[in-house]
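For the sequence shown, this note's numbering begins at 58 and goes up steadily by one.
Since the structure comes first, as structure tokens, the remarks are kept for the end.
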Amino acid sequence: MSKKQWTLLKILLALFALNSISLYFYFASSHHNHHRSLYDHRRDTKAEGFHGIIPLRGLHLSKPWPIIPSYLPWSLTSNVAPKSCEAYFGNGFTKVADVLSPKATVRSGSSWFRCHYSETLKSSVCEGGKIRMDPEKIKMSRGGEKLEDVIGRTEEEELPEFEDGAFEVEVEGVGSRLTRKKLVGDGFLDQFLPVGNILKHTMRELVRSVVFVGESDFTCQEWVEEPTLLITRFEYANLFHTVTDWYSAYVSSRVTGLPNRPHLVFVDGHCETQLEETWKALFSSLRYAKNFSGPVCFHHAILSPLGYETALFKGLSEDIDCQGASAHELWQSSDDKKLPDYPSLEK
Numbered sequence: 058m059s060k061k062q063w064t065l066l067k068i069l070l071a072l073f074a075l076n077s078i079s080l081y082f083y084f085a086s087s088h089h090n091h092h093r094s095l096y097d098h099r100r101d102t103k104a105e106g107f108h109g110i111i112p113l114r115g116l117h118l119s120k121p122w123p124i125i126p127s128y129l130p131w132s133l134t135s136n137v138a139p140k141s142c143e144a145y146f147g148n149g150f151t152k153v154a155d156v157l158s159p160k161a162t163v164r165s166g167s168s169w170f171r172c173h174y175s176e177t178l179k180s181s182v183c184e185g186g187k188i189r190m191d192p193e194k195i196k197m198s199r200g201g202e203k204l205e206d207v208i209g210r211t212e213e214e215e216l217p218e219f220e221d222g223a224f225e226v227e228v229e230g231v232g233s234r235l236t237r238k239k240l241v242g243d244g245f246l247d248q249f250l251p252v253g254n255i256l257k258h259t260m261r262e263l264v265r266s267v268v269f270v271g272e273s274d275f276t277c278q279e280w281v282e283e284p285t286l287l288i289t290r291f292e293y294a295n296l297f298h299t300v301t302d303w304y305s306a307y308v309s310s311r312v313t314g315l316p317n318r319p320h321l322v323f324v325d326g327h328c329e330t331q332l333e334e335t336w337k338a339l340f341s342s343l344r345y346a347k348n349f350s351g352p353v354c355f356h357h358a359i360l361s362p363l364g365y366e367t368a369l370f371k372g373l374s375e376d377i378d379c380q381g382a383s384a385h386e387l388w389q390s391s392d393d394k395k396l397p398d399y400p401s402l403e404k
């Protein structure tokens, strides 16, 4: 090897080493910043102080939302006009009912629960912290099986029926007067989770099943640390109905201000379909409720409204007058009759 070739080899090796070191620091910094952003968000949630009291048990990294022009901030004002485009397709869930106030649980570390109601859609996005689910008290098939293994199984077997206590919330110092008492009554359900034209309103029945328990009875075999959507699907193999479920899951994430794509738990017993791959691509992870081996507790659970309650489905029977506009145009001037158009959703 000539002196010139040896010099070139040393230069290449030096450049390779420098590049390797740069990549190491780049990824190390990104990893640290991602964890830091998750930590900062935990301190900045609506239930501030709740996560600081309950010790974290592991971390399952969630996927970030894609950066697209149409990802505009949702209105946080309560002055959204009913039946406007913002009310249908934006944050029309402006009436908030704190059943168990997050602020009141800061010191105790007990559960919190609230619902965001939309007067336009007649439905709610409900969420809670420190929520316990007992799969044994949910009557339905296991879910996630191969289609050929469940031929002949009826849809009724795949939809959930909840016993009282299928879901639980912990209240500090709860006595015999409140033990096993239901979180909400029929009056609350009629106001915030009305049945409407839905024959089997599974989210209403889920909330109906929630009961109070004391700290000694609030035992969890597994904890889910990151925000998780609880979803029940109807007509799960139908593309249109699945799109309404995707949309409802996205809306629930925006209404509750999730910084990253949530994890999913299907509270149904449907078998596996090809559309399930898209669920996994759109969100951070996916499990079936009956696939948990025992009681599981969620640090932050969000109940996604049924697909039948979305603007996409209601548009089949209601006249929704909304037009597309560029994200830039909407940044400059808001318009109740305009929404980000499809080119803005190109990613």
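Heads up, the beta-carbon is just placed ideally off N, CA and C, and yes, glycines get one too.
Under the assumption that residue i contacts residue j (Cβ atoms under 8 Å), give the Cβ distance between them as a whole number of angstroms.
| i | j | result |
| --- | --- | --- |
| residue 157 | residue 226 | 6 Å |
| residue 178 | residue 371 | 7 Å |
| residue 284 | residue 359 | 6 Å |
| residue 364 | residue 320 | Rounded, the Cβ-Cβ distance is 19 Å, inconsistent with contact. |
| residue 228 | residue 135 | Incorrect: roughly 28 Å between the Cβ atoms, too far for contact. |
Between which residues of its own chain and residue i is the CB-CB distance below 6 Å, once the five residues before and five after are set aside?
| i | result |
| --- | --- |
| residue 361 | 286, 288, 305, 306, 309 |
| residue 266 | 219, 221, 223, 224 |
| residue 198 | 214, 215, 326 |
| residue 194 | 220, 222, 223 |
| residue 294 | 330 |
| residue 343 | 321, 336, 337 |
Determine the extent of the alpha helix (DSSP H) in which residue i is found, giving its start and end residues.
| i | result |
| --- | --- |
| residue 244 | 243-249 |
| residue 212 | 212-215 |
| residue 260 | 259-265 |
| residue 371 | 368-371 |
| residue 323 | That residue, residue 323, is in no alpha helix (DSSP H); its beta strand (DSSP E) goes 320-323. |
| residue 161 | From DSSP, residue 161 is part of no alpha helix (DSSP H); its letter is neither H nor E. |
| residue 338 | 333-339 |
Using C-beta distances below 7 Å, list every residue in its chain close to residue i, excluding the 5 sequence neighbours before and after it, in chain order.
| i | result |
| --- | --- |
| residue 155 | 171 |
| residue 191 | 222, 223, 352 |
| residue 189 | 224, 225, 275, 277, 352, 354 |
| residue 246 | 261, 264, 265 |
| residue 268 | 221, 222, 225, 237, 238, 239, 240 |
| residue 257 | 216 |
| residue 251 | 179 |
| residue 272 | 227, 229 |
| residue 389 | none |
| residue 292 | 298 |
| residue 202 | 328, 329 |
When the distance is taken between beta carbons, is residue j closer than 9 Å to residue i?
| i | j | result |
| --- | --- | --- |
| residue 182 | residue 312 | yes |
| residue 176 | residue 121 | no |
| residue 146 | residue 368 | yes |
| residue 166 | residue 187 | yes |
| residue 118 | residue 341 | yes |
| residue 392 | residue 382 | yes |
Considering just the uninterrupted stretch of the beta strand (DSSP E) at residue i, what are its terminal residues?
| i | result |
| --- | --- |
| residue 343 | 343-345 |
| residue 293 | Element bounds for residue 293: n/a, residue is neither H nor E. |
| residue 174 | 169-175 |
| residue 138 | First-last for residue 138: undefined, no H or E at that position. |
| residue 275 | Note, residue 275: premise wrong, no beta strand (DSSP E); not H, not E. |
| residue 387 | First-last for residue 387: 384-389, but that is the alpha helix (DSSP H), not the beta strand (DSSP E). |
| residue 227 | 224-227 |
| residue 183 | 180-186 |
| residue 354 | 353-355 |
Using C-beta distances below 8 Å, list every residue in its chain close to residue i, excluding the 5 sequence neighbours before and after it, in chain order.
| i | result |
| --- | --- |
| residue 200 | 215, 323, 325, 326, 327, 328, 345, 346, 347, 348 |
| residue 290 | 298, 299, 302, 323, 325, 327, 364 |
| residue 366 | 178, 179, 180, 253, 255, 305 |
| residue 153 | 171, 172, 173, 174 |
| residue 379 | 142, 145, 146, 394, 395, 396 |
Decide if residue i is buried, meaning its Cβ has at least 16 other Cβ atoms within 10 Å, or exposed.
| i | result |
| --- | --- |
| residue 276 | exposed |
| residue 143 | buried |
| residue 263 | buried |
| residue 317 | buried |
| residue 296 | exposed |
| residue 357 | buried |
| residue 184 | buried |
| residue 334 | exposed |
| residue 161 | exposed |
| residue 373 | exposed |
| residue 217 | buried |
| residue 211 | exposed |
| residue 282 | buried |
| residue 159 | buried |
| residue 104 | Residue placement at residue 104 is flagged as unreliable, the pLDDT there being 40, under the threshold of 50; a coordinate-derived value is accordingly withheld. |
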